[in-house]
Each structure stands twice: as C-alpha cells, then as structure tokens.
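One structure is given below, encoded as structure tokens.
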Amino acid sequence: MTTTTAPRVVVPGPLVEPTHDLSREEIARYSRHLLLPEVGLEGQRRLKSARILVVGAGGLGAPILTYLAAAGVGTLGVVDDDVVDASNLQRQVLFGSDDLGRPKVEVTAERLATINPHVEVVAHPVRVDATNALDLFAGYDLVLDGADNFATRYLVNDACVLLGLPYVWGSVFRFEGQVSLFWERYGPQYRDLYSEPPPAGLVPSCAEGGVLGSLCAMIGATMASEALKLVVGAGDPLVGRLLVLDALSMRWRSFPIARQPGTLRVGSLDEWDYVARCDLPQAAPGADDQITPAELRRRLDEPDGARRFALVDVREPFEHELGAIPGSILLPRAQVTTPEGVALLSEFDDVVLYCKSGARSQACLARLRDAGHPGVRSLAGGIDAW
Amino acid sequence: MTATMLLPAVLAGRAGGARTLHVTGATIAEVLEHVGAEHADLVEVIRGREGLSRYVNVYVNEVDVRGSGGLDTPVAAGDEIAVIPAVAGG
Numbered sequence: 378m379t380t381t382t383a384p385r386v387v388v389p390g391p392l393v394e395p396t397h398d399l400s401r402e403e404i405a406r407y408s409r410h411l412l413l414p415e416v417g418l419e420g421q422r423r424l425k426s427a428r429i430l431v432v433g434a435g436g437l438g439a440p441i442l443t444y445l446a447a448a449g450v451g452t453l454g455v456v457d458d459d460v461v462d463a464s465n466l467q468r469q470v471l472f473g474s475d476d477l478g479r480p481k482v483e484v485t486a487e488r489l490a491t492i493n494p495h496v497e498v499v500a501h502p503v504r505v506d507a508t509n510a511l512d513l514f515a516g517y518d519l520v521l522d523g524a525d526n527f528a529t530r531y532l533v534n535d536a537c538v539l540l541g542l543p544y545v546w547g548s549v550f551r552f553e554g555q556v557s558l559f560w561e562r563y564g565p566q567y568r569d570l571y572s573e574p575p576p577a578g579l580v581p582s583c584a585e586g587g588v589l590g591s592l593c594a595m596i597g598a599t600m601a602s603e604a605l606k607l608v609v610g611a612g613d614p615l616v617g618r619l620l621v622l623d624a625l626s627m628r629w630r631s632f633p634i635a636r637q638p639g640t641l642r643v644g645s646l647d648e649w650d651y652v653a654r655c656d657l658p659q660a661a662p663g664a665d666d667q668i669t670p671a672e673l674r675r676r677l678d679e680p681d682g683a684r685r686f687a688l689v690d691v692r693e694p695f696e697h698e699l700g701a702i703p704g705s706i707l708l709p710r711a712q713v714t715t716p717e718g719v720a721l722l723s724e725f726d727d728v729v730l731y732c733k734s735g736a737r738s739q740a741c742l743a744r745l746r747d748a749g750h751p752g753v754r755s756l757a758g759g760i761d762a763w
Numbered sequence: 002m003t004a005t006m007l008l009p010a011v012l013a014g015r016a017g018g019a020r021t022l023h024v025t026g027a028t029i030a031e032v033l034e035h036v037g038a039e040h041a042d043l044v045e046v047i048r049g050r051e052g053l054s055r056y057v058n059v060y061v062n063e064v065d066v067r068g069s070g071g072l073d074t075p076v077a078a079g080d081e082i083a084v085i086p087a088v089a090g091g
C-alpha cells in the first residue's frame, strides 16, 4: 500500500505584524500562550494586531469565536443575519435560552466581551452576498468560513481569491466534518477541491440531516487552531490538505488537495450566479411539479378536499410530531422511494408531497416520476412556506 | 481480491445504509461498474455527468484519483477507496 502525503506548503512567515503592545493585565491573561516558544510575547502581540472575520455565527462559529476571543485576537468581525432559534441551542454554545429571537451577532458581541474585554468585536448583521462580500472582507487579515450553505461557500472562496486573503474552511454534517485552509497564492482554492456544488437535494443541510453538537466543536476548534498558527507563523498550515473527521469511527484522515487544470478563477463576483448555481435543483422544478401553499389550501378547503388526494409528509417522524399540515400522512423520504412506498402512493391518482423547505419532497417527486407515477406534486417552499 | 470502499453518511443511504463496501475490480472504472450493479444510485452520484463527479472526490489510499489516472486508476487487493462528497453545513 502506497501512501502519498501532500507536498509541504511554505507560506511566508507570520501573517500579521506585531504592531500592538500588551498591557500588564494582558500579559497575565495570556501567560499560557507566552510560555509557548511558538507564540511568546511577539506572537501574542501579532494576535492582538490581527483582524479576523468569521462568516456564520452558528455551530462552527461558536467555538471559533470563543477560542479566537479568548486567545486575544484584537479585532473579530462576525457576519450573520440570523436570529437565535431554539433548534440552535444544541450546538451553538454562544447562545442560551434567554437569547431566543435575538440577533446572533448582537448576542455574540455581548458574550465575547465577557470572555475577553480586550477584543474589539465588529458585528455585521447581514447576509454575505456578491454585492457586499468584497467590502466586508477588505481590511481583514484572514477569514474563517463556517457558513451553512453552498452559495456562501463559493462566494467566500471567490472573494478571498480576488482579495488574496487566506481563509480557513470547515463544514459539518451528522457525524462527519471536513477542514482545510485555502490560500490561492500558495496553494489550491476551494474550487480545486469541489469544482461544482452538488445538485439541490443531494446533500441535505444540517437542518434536514442533523448534526452532532460536539462535532461542531471538534471542527471549529481545528479551524481556530489553524487561524492562530497562521497569525503567529507556527507549524505547517493546512494549505493543500483536506482533513476529514468521522466521529463515529473517531478517525481523522488527511487527503492531499492539488490545483486542478481548468479550475475557474473568477475575475469578479458578477460572473458566477451563486444563488442560482447552488440553491436550485439541477433540473429546475417545472410549474407542473409544484403546488403553491395557496393552491393547496384551496384544494383542502374543497368539500371532502383532503380525501380526493394523498397529502404526504416526507419528513422524519419527530418533525411530523412538531407540526404537520392537517390531513397529511407521514411517509418519510427513505420509505417513499422503496418499492412498498411507490406501490402505496400508486393507489392515489393525485399525490402532494411536502417537507420542511421543498428539497426533500422535490427529490421524492423525481423518484416517483421515474417510477411511472405522473400525478405527483411538491409543495413549493415546504411547510416553512405554509 | 477485494478492496474496501468507505462511504460517508450522506451517501450510505444509496448503498442500503452500508458505510463500508467490499469491492472488486482492477481499476476505479471496474470497481464502479461492479458496485453499480447493486447500487446504481450510489455510482450515479460518484460518476456524475462526465465520468467522475465534480462534487464527490474519490481517493485510493489517500491519493486523489484525479491526479492518478481518473477512472483508469489501478486498484489492488487491500486498497482503501474513500469517497468524500462536498458538504456545506456549519
């Protein structure tokens, strides 16, 4: 068995100059860093001088921001346009029950100020898009990407390529995580690893597929470690390597990432349509595939309306328990596409499928159409739009 | 003569829930052909539209097959074939 390791990538020393001095109080606070020869007083001054932007204050953002703030990174930018939801609390450890409904960046700024008052937190309560990414990222030394969707992943990559910025990338799903450090000047970019996003519905989001809370800490802490190393110039950066964690087997593996011939290197953020390329199914749903919430309401309001067609919830049982459209039957996605599921639904001429947001029901629809069932439609936008 | 194919959770459903497959074939193309006989949905995702998908990577003993012959990459007994898809959760 041959094992090939990635070529060692040499980056030019510490990322940040040590322009800021430390107070006596800061020297006491950071003593365990100062004892590390790889950090020391100079490295700690570099950390204080560093400006780091974290995209997404979610499952990955929480451990990243906590450790970077505690480590004394001088300026921490946080981009997130979301508010705290109950379903975040299982893993997003910056937030507590009292924070429900509050903007994430606002709670984050408060929490980080209590962890380390020497850190300046810059809250950006916006969604990163092609119109604002370059302005947001400019002025930062380093970006960490903990976003939760492919459109933002490709956008962060392209913006960092255009600005020449290094960025630490991580993603999680169920019990598995991936981490790398992309810096196009010295190694591959994200598009060299995955040149195209998967079609919608193929890879469920954490909202659909779930994620182990503590996995976020493992991947997020790895990302934070790479950021701290890069700022102070310690060790070998993760440029050109993909780390993959499987927490079920508790095994980390490392794969080389090479530059690929023909990889797209955008010249501006206008030349690739992030939302259309990443959020819509490869074969966009046709009008006859979808039923709008208003049309479904009309059908259900017809006399005996619910009995004239099958309304099928393809989500998981616990999601159905939390709230379902009245009159619907539960048949989770994995069962819809079995021969038994197909046979069951074949008894109805008219079937309407729904899930949380429309991705899973659209995938089920494609399978049922393939199986020869023409009378199937998917609720546009899922129960979220209901 | 078998090699081992390791599947991530997100693709295991396409192989009847298995995370590990024992596979045969002298090249990646042959392995995928054999696996596809039983798990066509899985191989459809790995192969994509143009031979090898742009959002799923295949590594033989931790070497990216894109740099070692693509579908013609040789596979030997005892090799470990890892399938790593793009995921975006954060």
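Residue numbers (our numbering), protein chains in the order written: chain A, 378 to 763; chain B, 2 to 91.
Yeah, the Cβ is synthetic: ideal placement off N, Cα and C, and Gly gets one too.
Here the structure is a predicted model, which is why all the values come from computation and not from measurement.
Closest in C-alpha terms to A/Ala507, from the list A/Asn493, A/Arg530 and A/Asp525, comes A/Arg530. Taking the Cβ atoms as the reference, B/Val32 lies roughly 7 Å from B/Ala4, within the contact range of under 8 Å. Nearest CB-CB separation between A/Tyr571 and chain B: below the 8 Å threshold. Put simply, the CB of A/Cys732 is far from chain B, with every gap to its CB atoms at 8 Å or more. Going by C-alpha positions, A/Leu489 is about 57 Å away from A/Asp726. For B/Glu39, the closest Cβ of chain A is not nearer than 8 Å. With contacts defined by Cβ atoms closer than 8 Å, A/Thr714 and A/Cys741 form a contacting pair.
When C-alpha distances from A/Leu540 are compared across A/Ile492, A/Asp458, A/Gly516 and A/Val460, the shortest belongs to A/Gly516. DSSP places A/Leu619 within a strand segment (E or B) once states are collapsed to three. Against chain A, a Cβ distance below 8 Å from B/Arg55 picks out Tyr571, Ser572 and Glu573.
Counting the other CB atoms within 10 Å of its CB gives B/Met6 a total of 16 or more, which places it among the buried residues. In this structure, A/Arg422 is the residue among A/Gly390, A/Arg422 and A/Gly639 with its C-alpha nearest to the C-alpha of A/Ser400. For chain B, the residues of the segment 511-544 of chain A that bring a beta carbon within less than 7 Å of one of its beta carbons are Gly523, Ala524, Asp525, Asn526, Phe527 and Arg530, in chain order. Contact between A/Gly438 and A/Glu497 is ruled out by a C-beta separation of about 17 Å, above the 8 Å threshold. With respect to chain A, the C-beta atom of B/Val46 has a partner C-beta closer than 8 Å. Per DSSP, reduced to three states, the secondary structure at B/Ala27 is coil, with no helix or strand assignment. With the criterion set as a beta carbon lying under 8 Å from some beta carbon of chain B, the members of the segment 711-731 of chain A are Ala711, in sequence order. Residue nearest to A/Ala653 within the set A/Arg428, A/Glu585, A/Ala577 and A/Ala720 is A/Ala577 (criterion: CA-CA distance). Out of A/Phe514, A/Phe632, A/Arg636 and A/Glu419, the CA that lies nearest to the CA of A/Gln566 is found in A/Arg636. In this chain, the alpha helix (DSSP H) harbouring A/Ile596 covers Gly590 to Val609. If you ignore the 5 residues before and after A/Ile634, its C-beta comes within less than 8 Å of the C-beta of Ala383, Ser557, Gly564, Pro565, Asp569, Leu570, Gly617, Arg618 and Leu619, all in its own chain and listed in chain order.
Counting along the chain, A/Tyr567 sits inside no beta strand (DSSP E); it lies in the alpha helix (DSSP H) bounded by residues Tyr567 to Leu570. Nearest neighbour of A/Val545 by Cα position, chosen from A/Gln555, A/Phe552 and A/Phe559, turns out to be A/Phe559. Sixteen is the threshold: since fewer than 16 other Cβ atoms of the shown chains lie within 10 Å of the Cβ of A/Ile706, the residue is exposed. In the structure shown, the three-state DSSP call for A/Thr452 is strand.
Against A/Val484, chain B offers no close residue; the least beta-carbon distance is about 17 Å (beta-carbon pairs closer than 8 Å). By the neighbour-count definition (other C-beta atoms within 10 Å, threshold 16), A/Phe632 is a buried residue. As for any beta strand (DSSP E) of minimum length 3 sitting wholly inside the segment 445-530 of chain A, the runs are 452-456, 497-501 and 519-522, ordered along the chain.
For A/Arg479, the CB contacts under 7 Å within the same chain, skipping 5 residues up- and downstream, are Val460 and Val461 in chain order.
By DSSP's assignment, A/Arg428 forms a beta bridge with A/Thr452. Residue environment for A/Phe550: buried (at least 16 other C-beta atoms within 10 angstroms of its C-beta). Around the beta-carbon of A/Phe695, fewer than 16 other beta-carbon atoms lie within 10 Å, marking it exposed.
Taking a cut-off of 8 Å on C-beta distances, the segment 20-28 of chain B does not touch the segment 61-68 of chain B, as fewer than three cross pairs fall below it. Chain order gives the chain A residues near B/Ile85 as Gln555, Leu619, Val621 and Phe632, where near means a beta carbon separation below 8 Å. Straight-line measurement puts the Cα of A/Asn526 at about 5 Å from the Cα of B/Ala89. Of all residues in the segment 9-21 of chain B, those with a C-beta nearer than 7 Å to a C-beta of chain A are Pro9, Ala10, Val11 and Gly14, reading in chain order.
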